[in-house]
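Its first residue numbered 0, the sequence shown is counted upward by one per residue in numbering that gives the first Met the number 0.
We put the beta carbon where it would ideally sit given N, CA and C, even for glycine.
Okay, so here's the structure we're looking at.
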Amino acid sequence: MKVILFGATGMIGQGVLRECLLDPGVERVLAVGRSTTGQQHEKLRELVHTNFLDFSSAEEALSGYDACFFCLGVSSAGMSEQDYRRVTYDFALAAARTLVRLNPGMTFIYVSGAGTDSTARGGTMWARVKGETENALLQLPFKATYMFRPGFIQPLHGVTSKTRLYRAIYAVMGPFYPVLRGLFPKDVTNTEQLGRAMLQVARRGAPARVLETRDINNAAP
0 MKVILFGATG MIGQGVLREC LLDPGVERVL AVGRSTTGQQ HEKLRELVHT
50 NFLDFSSAEE ALSGYDACFF CLGVSSAGMS EQDYRRVTYD FALAAARTLV
100 RLNPGMTFIY VSGAGTDSTA RGGTMWARVK GETENALLQL PFKATYMFRP
150 GFIQPLHGVT SKTRLYRAIY AVMGPFYPVL RGLFPKDVTN TEQLGRAMLQ
200 VARRGAPARV LETRDINNAA P
């Protein structure tokens, strides 16, 4: 399987990249981002691309892949709806519309979040925009499209968040992870399970097109 990964330098993307590189069934990973991952691996290719609204100059590099894991995202804290929508909706749809044309047999997996508003009409800005993004992606004619909605994610194997606040939260909450997992099994996962679940779903599919945290954990081998 050949995989395109967006957001490989973020916390979720780091974990997904690790699992892709470890998986013997993954032949190649193309990491697309504004900067390189800083990693070197025989499977890893990198595409540094700065305009996430226009991928016309990168179409040759983006062709010939079986799956896309779209892990690019930002916190909505301090952002206007217009700016958040540009990064969340516009970037994802620009990439997906290009990929579905170049790779119609591709499986596309988008990392959303627990609490996303599928009606896209609620009062919470980030949940509404995420819901609108999910709905638009699900309309595209990929071979298959799945929305992953993880809740609390524990970073493992040296994975870190680029956001200082999140790093502090994970540092404090890390020792309590086993307790949280026991108390809230439907709401807690980790970067390893998330990456493995994406690979499993890309290969074998899933009963539902929207996967909540429990579904993600169940899908991880």
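Which listed residue (the options) has its alpha carbon closest to that of residue i
i	options	result
L21	V99, I11, H40 and N50	H40
V187	F151, D214 and R27	F151
L71	A93, Q38 and A207	A93
P220	G112, L198 and T212	L198
A66	T212, R203, E211 and Q38	R203
F5	V73, G24, E26 and L137	V73
T49	T132, A57 and K42	A57
G24	I215, A201 and T212	A201
R100	V31, S55, R127 and G130	S55
Q13	V209, T132 and L193	L193
E131	P149, T87 and Y145	T87
E211	R85, A113 and L136	A113
R33	R17, L43 and F51	F51
R85	E191, D53, T35 and V209	D53
R208	Y83, G121, T36 and L137	L137
Y64	L155, G122, R213 and E26	E26
D89	G121, T36, G122 and N134	N134
Y145	G121, D214 and E191	D214
For residue i, the three-state DSSP class (helix, strand or coil)
i	result
C67	strand
V31	strand
V187	strand
M0	coil
A7	coil
E45	strand
T123	coil
A143	strand
Q38	coil
Q13	helix
Expected contact under 8 Å - CB spacing of residue i and residue j to nearest Å
i	j	result
T97	L61	7 Å
N102	Q153	Going by Cβ atoms, the distance from N102 to Q153 rounds to 32 Å, so no, they are not a contact pair.
S111	F68	Actually they are not in contact, since the Cβ atoms of S111 and F68 sit about 13 Å apart, beyond 8 Å.
M124	S75	6 Å
M10	V128	With a Cβ gap of about 20 Å, M10 and V128 do not count as contacting.
C19	V28	5 Å
Residue ranges of each alpha helix (DSSP H) within the region 78–120, 4 or longer: As far as the region 78–120 is concerned, its whole alpha helix (DSSP H) runs of at least 4 residues are 80–84 and 90–101.
In chain order, which alpha helix (DSSP H) runs of at least 4 residues are fully inside the region 190–218? Taken in chain order, the unbroken stretches of alpha helix (DSSP H) that lie wholly in the region 190–218 and span 4 residues or more are 190–203 and 212–218.
Three or more C-beta pairs below 8 Å linking the region 104–112 and the region 133–146: Counting Cβ pairs under 8 Å, three or more are found: they touch.
Is there contact between the region 77–92 and the region 112–121, where contact requires at least three CB pairs shorter than 8 Å? With a cut-off of 8 Å, the region 112–121 and the region 77–92 do not count as touching, because too few Cβ pairs lie within range.
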